[in-house]
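A.B. asks:
Dropping the structure here:
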């Protein structure tokens, strides 16, 4: 009997700690499949963030390095410069990357470092209990904006992909979603492309993934993916923002 579906070699057998309906598990698999597709076995290093994916090293079957909050791009830069033949990736959430780590991602992108960054945007701080994040939508409620985000009080959501695409350094910037099967297929292609770009020495690649957080959005998993498709994509449109 031929095998038509199996666990990627870059994923471990560890039980997940993520909440029901969380999108992290989907993206983990897509990253693992992409690493396998580019033949990265034996020469890949991932950098885990502070946030819901802080235990990513339990799930990815490769060398992993933990980084201080927001510093994953800086750590990934050091690893890549020290071992340029390695495939190096950072896996970060919006609180980690777009808040305390905003300077690190901007300067890594500006330098055009030949790394791959996977950016999980669920528009909220997940691990710490649902505070407003830099990507929280206007009107969206969080524990630190209980009446909804107000532009006058809290500013506007930061569109990270659009911002990084204005820099000269990045070679590839795309925003995708994992809210349904067609978008998951597109996300898989984007993540694999980002890793292939690195393998081919094209420079900094960045894939933003719109994800669901049912627990902190106080929604069912089905409601959460509909929120991604109907509300998040209005503010964070999908597509390629830069490709060279």
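Residue numbers (the working numbering): 17 to 260.
Using N, Cα and C, we set each Cβ at its ideal position, and we do this for glycine too.
Just to confirm the assignment, what range does the beta strand (DSSP E) spanning residue 53 have?
C.D. replies: Element bounds for residue 53: not the beta strand (DSSP E) but the alpha helix (DSSP H), 40–53.
A.B. asks: Should the region 212–229 be called in touch with the region 185–204, which here means at least 3 C-beta pairs below 8 Å?
C.D. replies: The region 212–229 vs the region 185–204: in contact.
A.B. asks: Just confirm the distance between the C-beta atoms of residue 64 and residue 83, as a whole number of angstroms; I'd bet it's less than 8 Å.
C.D. replies: About 7 Å; that satisfies the 8 Å criterion.
A.B. asks: To the nearest whole angstrom, what separates the beta carbons of residue 197 and residue 254, a pair I think is in contact under 8 Å?
C.D. replies: That pair is no contact at about 15 Å.
A.B. asks: Tell me the DSSP secondary structure of residue 10 in three-state form.
C.D. replies: With the chain covering 17 to 260 only, the question about residue 10 has no answer from this structure.
A.B. asks: Ignore the nearest five residues each way along the sequence and tell me which others in residue 70's own chain have a CB closer than 8 Å to its CB.
C.D. replies: These residues qualify, in order along the chain: 64, 82, 143.
A.B. asks: Going by the CB atoms, is the gap between residue 226 and residue 257 shorter than 8 Å?
C.D. replies: No, they are not a contact pair.
A.B. asks: With DSSP collapsed to three states, give me the class of residue 193.
C.D. replies: In the structure shown, residue 193 sits in a strand (DSSP, three-state: E or B).
A.B. asks: Are the CB atoms of residue 140 and residue 229 within a distance shorter than 8 Å?
C.D. replies: Yes, Cβ-Cβ distance for residue 229 and residue 140 is below 8 Å.
A.B. asks: Alpha carbon to alpha carbon, how far is residue 39 from residue 203? Give it in angstroms, no decimals.
C.D. replies: Approximately 12 Å between the Cα atoms of the pair.
A.B. asks: Quick check for students: name the residue ranges of the alpha helix (DSSP H) that lie wholly in the region 102–150, counting only runs of 4 or more.
C.D. replies: Segments of the alpha helix (DSSP H) lying fully in the region 102–150: 118–127.
A.B. asks: If we call anything under 8 Å between Cβ atoms a contact, is residue 231 one with residue 35?
C.D. replies: Yes. Within cutoff.
A.B. asks: If the criterion is Cβ atoms closer than 8 Å, does the pair residue 131 and residue 96 meet it?
C.D. replies: It is a contact, given that the beta carbons lie within the stated cut-off.
A.B. asks: Given that a residue counts as buried once 16 or more other Cβ atoms are within 10 Å of its Cβ, and exposed if not, what is residue 169?
C.D. replies: Burial call: exposed.
A.B. asks: What residue range is occupied by the uninterrupted beta strand (DSSP E) comprising residue 224?
C.D. replies: First-last of the beta strand (DSSP E) with residue 224: 221–226.
A.B. asks: Alpha carbon to alpha carbon, how far is residue 75 from residue 146? Give it in angstroms, no decimals.
C.D. replies: In a straight line, the C-alpha of residue 146 is about 24 Å away from that of residue 75.
A.B. asks: Taking the Cβ atom as the reference point for each residue, do residue 50 and residue 200 lie within a distance shorter than 8 Å?
C.D. replies: Cβ distance not < 8 Å, so residue 50 and residue 200 don't count as in contact.
A.B. asks: Just to confirm my understanding: we take residue 106, look at its own chain, exclude 5 residues before and 5 after, and list those with CB closer than 6 Å. What are they?
C.D. replies: Only 63, 88, 89, 92, 133 meet the Cβ criterion.
A.B. asks: Closest to residue 25 by CA distance: which of 109, 18, 48 is it?
C.D. replies: The residue with the shortest Cα to Cα distance from residue 25 is 48.
A.B. asks: Which residues in the same chain have their Cβ closer than 8 Å to the Cβ of residue 128, if we skip the five residues on either side of it in sequence?
C.D. replies: Correct list, in chain order: 184, 185, 186, 187, 219, 220.
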